[in-house]
Structures are given as C-alpha cells and as structure tokens.
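J.: To start, I am sharing the structure in question, which I have written as structure tokens.
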Amino acid sequence: MTFLVYDEGGRPAQTFALRNGCLYEADDVAVPGAIAFDQGLVRCEPATQGAAALALQWPVQGMGRLTLRTCLLPQREAPYLLSLELARHAIMLFLVKLEDWGLHELDASDPAMERFEEARRAFIEALSAQPTPAEGAEAPADPFAHATGEQDALARRALALAVDAAETLALTRADEDLGARLVRAEGEGANDAARPSVGCAVTGSKNSGPLRRVVQETFDFITLPMRWVQLEPVEGRYDFRPTDRWIEWAVRVARMPVVGGPLVDFGPGACPDWLHIWENDYETLREVVFAHVKKVVTRYRKTVRTWTITSSLQ
Numbered sequence: 066m067t068f069l070v071y072d073e074g075g076r077p078a079q080t081f082a083l084r085n086g087c088l089y090e091a092d093d094v095a096v097p098g099a100i101a102f103d104q105g106l107v108r109c110e111p112a113t114q115g116a117a118a119l120a121l122q123w124p125v126q127g128m129g130r131l132t133l134r135t136c137l138l139p140q141r142e143a144p145y146l147l148s149l150e151l152a153r154h155a156i157m158l159f160l161v162k163l164e165d166w167g168l169h170e171l172d173a174s175d176p177a178m179e180r181f182e183e184a185r186r187a188f189i190e191a192l193s194a195q196p197t198p199a200e201g202a203e204a205p206a207d208p209f210a211h212a213t214g215e216q217d218a219l220a221r222r223a224l225a226l227a228v229d230a231a232e233t234l235a236l237t238r239a240d241e242d243l244g245a246r247l248v249r250a251e252g253e254g255a256n257d258a259a260r261p262s263v264g265c266a267v268t269g270s271k272n273s274g275p276l277r278r279v280v281q282e283t284f285d286f287i288t289l290p291m292r293w294v295q296l297e298p299v300e301g302r303y304d305f306r307p308t309d310r311w312i313e314w315a316v317r318v319a320r321m322p323v324v325g326g327p328l329v330d331f332g333p334g335a336c337p338d339w340l341h342i343w344e345n346d347y348e349t350l351r352e353v354v355f356a357h358v359k360k361v362v363t364r365y366r367k368t369v370r371t372w373t374i375t376s377s378l379q
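Just so we're on the same page, this note's numbering is the position in the sequence shown counted from 1, plus 65.
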C-alpha cells in the first residue's frame, strides 16, 4: 500500500518527516508492519493482507502537526493520495461524531455545520480533480501520474476545513455538557464531592527517609514506573529489590495505594538493550513481553491496586 506525498509547492515531496506512523485494521487494532518514506512515497507493508489504515502526524494549515489517519483502505497496486485519504477520514469522523453525540439535528446555519459543508464541497472538488486515464489504457508507470499537485492542494484545503469543523463541533458538545454539569454543581449537594486524590511517581533508585516522609505527608498514592531496563538489565536476571523496598514501605508503613507501570515502555532508554535483538521478530517479541508482564504482575498482585501496562508503543 503506497501513498503519494506532495510538498506545499505542488511537487512530489523530496523530504517528509514520518512521525508516529502506525497501521490499523478493523476496530482500531494496531497492525505490525513497516512504514517508510522514499522519493515522495510513503510505503506501508502491514503484516496482514486485509484492509488497513495509516495514522501519522500531518501538517494542517493554520493548526500545526496533528495526528490524523486514513479510512480502512484495500491494498492495491495504484497509490493513494495521502492528503485526500486523510481528508476523507476527517469528514467521515465528523459524521460519526454527529451521530455519537446526538447532534445530527444541528441547524445548517450552525458554525460547525457551515464549516463542514465547506469541507464537503472542497473534498468533492479534490475528488473531481483526479486524473482519469483513457479507456483501455495501461496503468501509468509513474506513480505521480495518479494525482496532481493541484489535487493535493484541494485535498489539503478540504482536510483543514474538516478538522476545523470537527474542532467547532467538539466545542459545541463541550459547551452543552459543561453547562449541564455546572447546573448540577450549583444545585443541592454541590459541596459533597470527594477530594481528588493526588499521587506522585517515585523511582526505585532513590529511597531515603526524608523523601519517604515528603511523599507520605503530601500525596495520597504512589506510582512505581517499574522500568524494564531496571528490573531486568540482563536477560533472565531480575532485580526486584529497589521496587520491593518502596512497595513494602507504602503498604506496611504509609498505607498508601500503589500504581504500577508502565510495565512495557518502548520509549527511549526504557527497554533493556538485550530486547532489541527481537525488534523485527514480532511473534517472539510478543511472547517475551507477555512473560515479563506475567512475572511482574504475579509478584505484586496482592500489593498493587492499579496497573499501567503499556506506553510509547509507536
């Protein structure tokens, strides 16, 4: 599955910052696969053969870089125009949220609906600008013969309008919900709300008396990151002692709830070096991750109330 990328001048992009790229299948399930940019093309190779969606950060005019995605698209030889597919999903998402939020009866004069109508017209214009090959002609060898810089500009405009419409719709929804909550808050029992709990994250490498005293006097619970690189720096050799000390103090002395994790964090410096040998072997990596999570959760299942399992998976 391939996507065409043009620069703002309407030429095939020579450079493109491929940030936070991820592939999805049905029900927003992430799919393992490879994503790369080369000579104006974003090439995606999902591990599955079915339809897939691409999510990534994309510059939207006047709004900066936003994490957007395409609809589920069938895999095919002909390339897709990335800006057009991002706009298609943005328009679809607006319609879905209209239904989810019960706002499908909004008047056409509502600002969100006016912006959406602009986006819809711009999207149709972008679709209409697609080059049409002559009947019976062979597929062009040049991938950029499937779209033009003019079509990309129209699609970018449609995308910006659709995102703006969605933001306006979200504000409309927020105003309605917040207004209802404020009415309830000003009514009977408004002052009966429980005090919110405030916690802090601690690290196993720092555990002194003064630090524990500050934690106990100031916070309601603690979070232990339980970084894999610290728990198992060498494959098969766990060192739970720093974590054990914090948990024993929190449970027996301070009597504070403990939140554990993230147990699997693929952020910089969070994974042990030995794990990288499996970075291209998804099946083995999955089994290694499962075994690690099971070991840690089993050890602290009676003392940790809440778990954060994953972080930085992309």
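Every residue gets a Cβ at the ideal spot worked out from N, C-alpha and C, and that includes glycine.
Computed from a predicted structure; not experimentally measured.
In the DSSP assignment, find the beta strand (DSSP E) that holds V263 and state where it starts and stops.
T.: Counting from 1 along the sequence shown, the entry for residue 263 is found at position 198. Counting along the chain, V263 falls outside any beta strand (DSSP E), and DSSP gives it neither H nor E.
J.: Using only the alpha-carbon positions, how far apart do P111 and D93 sit?
T.: If you number the sequence shown from 1, residue 111 lands on position 46. If you number the sequence shown from 1, residue 93 lands on position 28. Their backbone Cα atoms lie some 14 angstroms apart in a straight line.
J.: Counting C-beta neighbours from all protein chains within 10 Å, is the total for M157 16 or more, i.e. buried, or is it exposed?
T.: Taking the first residue of the sequence shown as position 1, residue 157 is located at position 92. M157 should be labelled exposed.
J.: Would you kindly report the start and end of the unbroken alpha helix (DSSP H) that includes E73?
T.: Along the sequence shown, one-based indexing puts residue 73 at 8. Taken as a continuous stretch (DSSP letters only), E73 belongs to no alpha helix (DSSP H), as it is neither H nor E.
J.: Could one say the Cβ of I100 lies closer than 9 angstroms to chain D's Cβ atoms, at least one of them?
T.: Within the model displayed, chain D is absent; a lone protein chain is all it includes.
J.: Does DSSP classify L106 as helix, strand or coil?
T.: For this step, residue 106 is matched to residue 41 along the sequence shown. In the structure shown, L106 sits in a strand (DSSP, three-state: E or B).
J.: Alpha helix (DSSP H) containing A95: first to last residue?
T.: As a position in the sequence shown, residue 95 is number 30, starting the count at 1. Note, A95: premise wrong, no alpha helix (DSSP H); beta strand (DSSP E) at 94 to 96.
J.: Express the C-alpha separation of P290 and G325 in angstroms, rounding to a whole number.
T.: Here the question's residue 325 lines up with position 260 in the sequence shown. Here the question's residue 290 lines up with position 225 in the sequence shown. Answer to the nearest angstrom: the Cα atoms are 6 angstroms apart.
J.: Could you check what DSSP says for V299 in three-state terms: helix, strand or coil?
T.: Position 234 of the sequence shown, counted from the first residue, corresponds to residue 299. Strand, per DSSP.
J.: From what residue to what residue does the beta strand (DSSP E) around G325 run?
T.: Numbered from 1 along the sequence shown, position 260 holds the residue referred to as residue 325. Per DSSP, G325 belongs to the beta strand (DSSP E) from 323 to 325.
J.: For L234, does the three-state DSSP call read helix, strand or coil?
T.: As a working mapping, residue 234 is identified with position 169 in the sequence shown. DSSP places L234 in helix when its eight states are reduced to three.
J.: Would you mind working out which of L83, D72, D304 sits nearest E215, comparing C-alpha positions?
T.: In the sequence shown, the residue the question calls residue 215 occupies position 150. The candidate whose alpha carbon is nearest that of E215 is D72.
J.: Report the rounded CA-to-CA distance for A116 versus F68, giving the unit in angstroms.
T.: For the purposes of this step, residue 116 is taken as residue 51 along the sequence shown, with counting starting at 1. For the purposes of this step, residue 68 is taken as residue 3 along the sequence shown, with counting starting at 1. So the alpha carbons of these two residues sit roughly 14 angstroms apart.
J.: Between the C-alpha atoms of E313 and V280, what's the straight-line distance to the nearest angstrom?
T.: By 1-based counting over the sequence shown, the position of residue 313 is 248. By 1-based counting over the sequence shown, the position of residue 280 is 215. So the two alpha carbons sit approximately 14 angstroms from each other.
J.: Report the rounded CA-to-CA distance for T132 versus G86, giving the unit in angstroms.
T.: In the sequence shown, counting from the first residue as 1, residue 132 sits at position 67. In the sequence shown, counting from the first residue as 1, residue 86 sits at position 21. When rounded, the distance between both Cα atoms is 9 angstroms.
J.: Is the CB-CB distance between N272 and W311 below 9 angstroms?
T.: Taking the first residue of the sequence shown as 1, we reach residue 272 at position 207. Taking the first residue of the sequence shown as 1, we reach residue 311 at position 246. Going by C-beta atoms, N272 is nearer than 9 angstroms to W311.
J.: Flag this pair as yes or no: are the beta carbons of A155 and V228 separated by less than 9 angstroms?
T.: Within the sequence shown, the letter at position 90 stands for residue 155. Within the sequence shown, the letter at position 163 stands for residue 228. Yes, Cβ-Cβ distance for A155 and V228 is below 9 angstroms.
J.: My assumption, with CB atoms under 8 angstroms, is that A319 sits in contact with V294. Please give the rounded CB distance.
T.: The residue given as residue 319 occupies position 254 in the sequence shown. The residue given as residue 294 occupies position 229 in the sequence shown. That pair is no contact at about 27 angstroms.
J.: Mind checking whether T233 and R180 have CB atoms under 9 angstroms apart?
T.: Stepping through the sequence shown from its first residue, residue 233 is reached at position 168. Stepping through the sequence shown from its first residue, residue 180 is reached at position 115. A contact, by the Cβ cut-off of 9 angstroms.
J.: Would you say G75 and D217 are within 9 angstroms of each other, going by their C-beta atoms?
T.: What you label residue 75 is simply residue 10 of the sequence shown in a count that begins at 1. What you label residue 217 is simply residue 152 of the sequence shown in a count that begins at 1. It is a contact, given that the beta carbons lie within the stated cut-off.
J.: Work out the CA separation of A191 and Q79 for me, nearest whole Å.
T.: Reading the sequence shown from its first residue, position 14 is the one you call residue 79. Reading the sequence shown from its first residue, position 126 is the one you call residue 191. Q79 and A191: Cα-Cα distance of roughly 23 angstroms.
J.: Once you ignore the five residues that flank A315 on each side, which residues in its own chain have a CB closer than 6 angstroms to its CB?
T.: Here the question's residue 315 lines up with position 250 in the sequence shown. Cβ neighbours of A315 beyond the five flanking positions: I287, M321, V323.
J.: Is S270 helix, strand or coil by DSSP?
T.: For the purposes of this step, residue 270 is taken as the residue at position 205 of the sequence shown. Three-state DSSP puts S270 in coil, outside helix and strand.
J.: Please say whether A177 and A230 have beta carbons closer to each other than 9 angstroms?
T.: The count along the sequence shown starts at 1 and reaches residue 230 at position 165. The count along the sequence shown starts at 1 and reaches residue 177 at position 112. Contact: yes.
J.: Would A118 and L137 be called neighbours here (beta carbons separated by less than 9 angstroms)?
T.: For this step, residue 118 is matched to residue 53 along the sequence shown. For this step, residue 137 is matched to residue 72 along the sequence shown. In this structure, L137 lies closer than 9 angstroms to A118 by Cβ.
J.: When you compare each of G332, L350, V362, T349 to S376 by their alpha carbons, which one comes out closest?
T.: Counting from 1 along the sequence shown, the entry for residue 376 is found at position 311. Among G332, L350, V362, T349, the Cα nearest to that of S376 belongs to G332.
J.: Look at the Cβ atom of T213, then the Cβ atom of G269, and state whether they are nearer than 9 angstroms.
T.: Locating residue 213 in the sequence shown gives position 148, where the first residue counts as 1. Locating residue 269 in the sequence shown gives position 204, where the first residue counts as 1. Contact flag unset, no.
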